[in-house]
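Data first, discussion second: the structure below is written as structure tokens.
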Amino acid sequence: MARPVRPQRLRLARPSGRKERLTAAFLLGLALFFPPFLAVASKDHTVAGIPLLYLWLFGGWAALIAVMALVVEFSGDDGSA
5 MARPVRPQRL
15 RLARPSGRKE
25 RLTAAFLLGL
35 ALFFPPFLAV
45 ASKDHTVAGI
55 PLLYLWLFGG
65 WAALIAVMAL
75 VVEFSGDDGS
85 A
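Under my numbering, the letters of the sequence shown match residues 5 to 85, in that order.
As structure tokens, then:
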């Protein structure tokens with residue numbers, strides 16, 4: 005006697021939140037380079053001889069790249085959809 009065929013259960017993947025985190029990183033980038041914030045950093049102040057605006061631009065840029073790299077690396081999503 006043949007065994008009855010059981011339907012396979014579908015397993016739902018746990019959402020990684022990758023899209024939401026990348027959207028938040030994008031909005032952080034918009035906020036960092038928003039002209040009113042750049043106007044605050046464009047004063048004639050220096051830190052270790054480097055103008056504050058340069059530190060703001062390149063530091064924010066590096067921080068944004070680091071945040072996006074962390075999101076992509078540790079999101080747990082393999083990218084296949």
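Glycine included, C-beta positions come from ideal geometry on N, C-alpha and C.
Does the distance from the CB of residue i to the CB of residue j come in under 8 Å?
i, j, result
"F37", "G64", "yes"
"A45", "L31", "no"
"R15", "S79", "no"
Identify, in the order they occur along the chain, each residue of the same chain with its Cβ nearer than 7 Å to the Cβ of residue i, setting aside the five sequence neighbours on each side.
i, result
"G33", "L68"
For residue i, count neighbouring Cβ atoms within 10 angstroms of its own Cβ and tell me buried if that reaches 16, exposed if not.
i, result
"V75", "buried"
"A29", "buried"
Closest to residue i by C-alpha separation, out of the options, would be which residue?
i, options, result
"T50", "E24, A43 and L59", "L59"
Closer than 7 Å to a non-hydrogen atom of the ligand GTP - does that hold for the CB of residue i?
i, result
"L56", "Here there are no bound small molecules, and the ligand GTP is not part of this structure."
Who are the near neighbours of residue i in its chain, counting only those whose CB is closer than 8 Å to its CB and skipping five residues on each side?
i, result
"V71", "A29 and L32"
Is there at least one Cβ from chain E nearer than 8 Å to residue i's Cβ?
i, result
"L32", "Protein chains in the displayed structure number just one, and chain E is not present."
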